[in-house]
């Protein structure tokens, strides 16, 4: 097992370097000068040249990349142009809010998805299956930012039950698991949960159907096992794949939160990305994307290892 | 026994005369859900295409005195938007740009991804490793993040949004194309073509393309659903087209301020995105099961 983990980690290193390269190059595919956001419109040539040297933009690209990577490895992602604060601390604070949202959404989405998927797979081709698959397909097809708007219309504007935007008293830095804060979490969490709910339902339904049609299930039933015990075998067999899909979905929720965070003004990494894009705050943009992508890579690695740990059929040698 | 084989023999020519694709077509035509979806999509496409000849109001012409009328107002069946423009006209005209920016990336990615996957799968070896490892890098980003990162770096605009979504979908289609091609590569008929002296390009074009296109096409149809949501999402964030252009994502964005005044009119553009997205998803599902003849 340790050899397997070690090898998987070694495989990840080139991916991490390539991810860093893509994030680095993002700034350089930007049309115009990367300095455009800091430089006043009437700046002299001299000032522009001075700043270019100060930011290191006058050096060759590979050197710039090497230096950037070296600093990044030491936790220095530069300073935000808009606020002047270190990018890393800004990003980490925002990511913690996104993690809160993603975990709440995962609890809702995965629970419902597993439930619907198991029921639909077990009662395949009955009306229960049709209802569950319809909910699932609606879940994966809905523009979630629009669903967020509809939620706000119903629960905030019409019924006035829940707040429409923000993360509660104290702003972005003081989240707490009390009702005063949690009522702000409900609508964005439900909205975020819809896509993973749909995908988990579809995956688990297909898995359950496949497993139930295998010979060993027939044998279990012939042996006299009760349906509940047969079901335990189904869950055991479906678990590794279901786990992999849920891990991937958690990653998508963490990395793809920009639209929902924009709708609900949720102060997470997505909203930070949004402001970085529109203020042309390139170090912040670069840093946020790098941190989110690294989270995603790390999560995928964990899922791989967890999958190998619980599934004896995966070769670890 | 003899009776059974006699009837089987009589029945055989009728079923055998129909080719694979004809059978698939018949199976889709019998599927009610797929047909309803196809009908809705054709309706939306045609109305977008023929918008100027449908006798609609001017989608750009606003009026300060008739802003945010409710659904069902005489002359404005779907109300008016925050600048007093007719919603029905804007939703129908909006289909033009929304469908282009939603579907074009998938078409482009389909062409690029299929070529890359076919080459990687057929040639194999180092070239395969080079292509597939490069593709892996893009899998290290969640697709929404990658789309927003690229289009955020390139800046707002229709072309940039199409480019960024194409880049997001190429790796996914390449992976599917590569795995399908690898499966077909070692089959006997490819071997036979090689033995009879066909070059690699001829083999790929004549013998392999037809066998791999089906599954890739179905996969790509399913991607249109995602692409519609993402493309409108980029416009919703302000990274796509610019006002006053009618486009569903952008309309949703500008109408956000109106949800306290006239909420249901504000939600309408999303219904269009949802309708197109769910229809493509269901159609893709229908095609997949129709092509799975074994069941």
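Chains as they are written, first to last, in this note's numbering: chain P, 35 to 351; chain X, 14 to 308.
For glycine and all other residues, C-beta sits at the position ideal for the given N, C-alpha and C.
Rounded to a whole number of angstroms, what is the C-alpha to C-alpha distance between residue i and residue j?
i, j, result
"residue 337 (chain P)", "residue 198 (chain X)", "32 Å"
"residue 17 (chain X)", "residue 304 (chain X)", "Because residue 17 (chain X) sits at a pLDDT of 49, beneath the cut-off of 50, its placement in the model cannot be relied upon, and the following sentence gives the value as read from the coordinates. Near 29 Å, if we compare the C-alpha coordinates of residue 304 (chain X) and residue 17 (chain X)."
"residue 227 (chain P)", "residue 95 (chain X)", "31 Å"
"residue 90 (chain X)", "residue 302 (chain P)", "39 Å"
"residue 213 (chain P)", "residue 298 (chain P)", "18 Å"
"residue 348 (chain P)", "residue 280 (chain P)", "18 Å"
"residue 59 (chain P)", "residue 126 (chain X)", "22 Å"
"residue 249 (chain X)", "residue 175 (chain P)", "17 Å"
"residue 152 (chain X)", "residue 135 (chain X)", "22 Å"
"residue 62 (chain P)", "residue 121 (chain X)", "24 Å"
"residue 333 (chain P)", "residue 210 (chain P)", "25 Å"
"residue 310 (chain P)", "residue 127 (chain P)", "15 Å"
"residue 123 (chain X)", "residue 204 (chain X)", "27 Å"
"residue 154 (chain P)", "residue 262 (chain P)", "16 Å"
"residue 241 (chain X)", "residue 167 (chain X)", "20 Å"
"residue 81 (chain X)", "residue 98 (chain P)", "52 Å"
"residue 63 (chain X)", "residue 256 (chain X)", "22 Å"
"residue 135 (chain P)", "residue 142 (chain P)", "11 Å"
Strictly under 8 Å for the Cβ-Cβ distance: is residue i near chain X by that measure?
i, result
"residue 143 (chain P)", "no"
"residue 308 (chain P)", "yes"
"residue 246 (chain P)", "no"
"residue 169 (chain P)", "no"
"residue 183 (chain P)", "yes"
"residue 49 (chain P)", "yes"
"residue 172 (chain P)", "yes"
"residue 187 (chain P)", "yes"
"residue 175 (chain P)", "yes"
"residue 180 (chain P)", "yes"
"residue 299 (chain P)", "no"
"residue 52 (chain P)", "yes"
Is the beta carbon of residue i less than 8 Å from the beta carbon of residue j?
i, j, result
"residue 130 (chain X)", "residue 187 (chain X)", "yes"
"residue 229 (chain X)", "residue 193 (chain X)", "yes"
"residue 275 (chain X)", "residue 92 (chain X)", "yes"
"residue 114 (chain X)", "residue 164 (chain X)", "no"
"residue 155 (chain X)", "residue 304 (chain P)", "no"
"residue 105 (chain X)", "residue 67 (chain X)", "yes"
"residue 84 (chain X)", "residue 278 (chain X)", "yes"
"residue 251 (chain P)", "residue 264 (chain P)", "yes"
"residue 307 (chain P)", "residue 324 (chain P)", "no"
"residue 140 (chain P)", "residue 282 (chain P)", "no"
"residue 70 (chain X)", "residue 99 (chain X)", "yes"
"residue 254 (chain X)", "residue 263 (chain X)", "yes"
"residue 290 (chain X)", "residue 177 (chain P)", "yes"
"residue 180 (chain P)", "residue 144 (chain X)", "no"
"residue 246 (chain X)", "residue 169 (chain X)", "no"
"residue 272 (chain X)", "residue 187 (chain P)", "yes"
"residue 238 (chain P)", "residue 148 (chain P)", "yes"
"residue 242 (chain P)", "residue 173 (chain P)", "no"
"residue 178 (chain X)", "residue 190 (chain X)", "no"
"residue 232 (chain P)", "residue 170 (chain P)", "yes"
Output the boundary residues of the alpha helix (DSSP H) element that contains residue i.
i, result
"residue 257 (chain X)", "That residue, residue 257 (chain X), is in no alpha helix (DSSP H); it is neither H nor E in DSSP."
"residue 34 (chain X)", "33-43"
"residue 62 (chain P)", "36-63"
"residue 276 (chain X)", "276-304"
"residue 233 (chain X)", "222-250"
Answer with yes or no whether the minimum CB distance from residue i to chain P is below 8 Å.
i, result
"residue 144 (chain X)", "no"
"residue 149 (chain X)", "yes"
"residue 104 (chain X)", "no"
"residue 238 (chain X)", "yes"
"residue 128 (chain X)", "no"
"residue 210 (chain X)", "no"
"residue 308 (chain X)", "Only weak support is given to the placement of residue 308 (chain X): the predicted model assigns it a pLDDT of 49, under 50, and the value that follows is read from those uncertain coordinates. Judged by the 8 Å Cβ criterion, residue 308 (chain X) is not in contact with chain P."
"residue 125 (chain X)", "no"
Is it the case that the CB of residue i approaches a heavy atom of the ligand FMN more closely than 7 Å?
i, result
"residue 281 (chain X)", "What this structure holds is no ligand at all, so the ligand FMN is not there to describe."
Residue i CB to nearest chain B CB: under 8 Å?
i, result
"residue 58 (chain P)", "Absence of chain B from the displayed structure is noted, the protein chains being P and X."
Check: Counting only runs that start and end within the region 223-271 of chain P, where is the alpha helix (DSSP H) found for 4 or more residues in a row?
Finding: Within the region 223-271 of chain P, the complete alpha helix (DSSP H) runs of at least 4 residues are 249-256.
Next item on the list: Only counting runs of 4 or more residues, tell me where the alpha helix (DSSP H) segments fall wholly within the region 120-166 of chain X, in order along the chain.
Entry: Runs found: 138-152.
Item checked: Start-end ranges of the beta strand (DSSP E) lying completely within the region 280-316 of chain P, minimum 3 residues -> Entirely contained in the region 280-316 of chain P, not one beta strand (DSSP E) run reaches 3 residues.
Notebook entry, point to check: Which runs of the alpha helix (DSSP H) fall wholly inside the region 175-227 of chain P and span at least 4 residues, in chain order?
Noted result: If you keep only unbroken alpha helix (DSSP H) runs of at least 4 residues inside the region 175-227 of chain P, you get 178-185.
Notebook entry, point to check: Can you list, in chain order, the stretches of the alpha helix (DSSP H) that have 4 or more residues and sit fully within the region 157-216 of chain X?
Noted result: DSSP runs (the alpha helix (DSSP H)) wholly in the region 157-216 of chain X: 171-198 and 201-208.
Margin query: Extract the residue ranges of the alpha helix (DSSP H) inside the region 75-159 of chain P, only unbroken runs of 4 or more that lie entirely within it.
Written below: As far as the region 75-159 of chain P is concerned, its whole alpha helix (DSSP H) runs of at least 4 residues are 79-89, 95-107 and 121-156.
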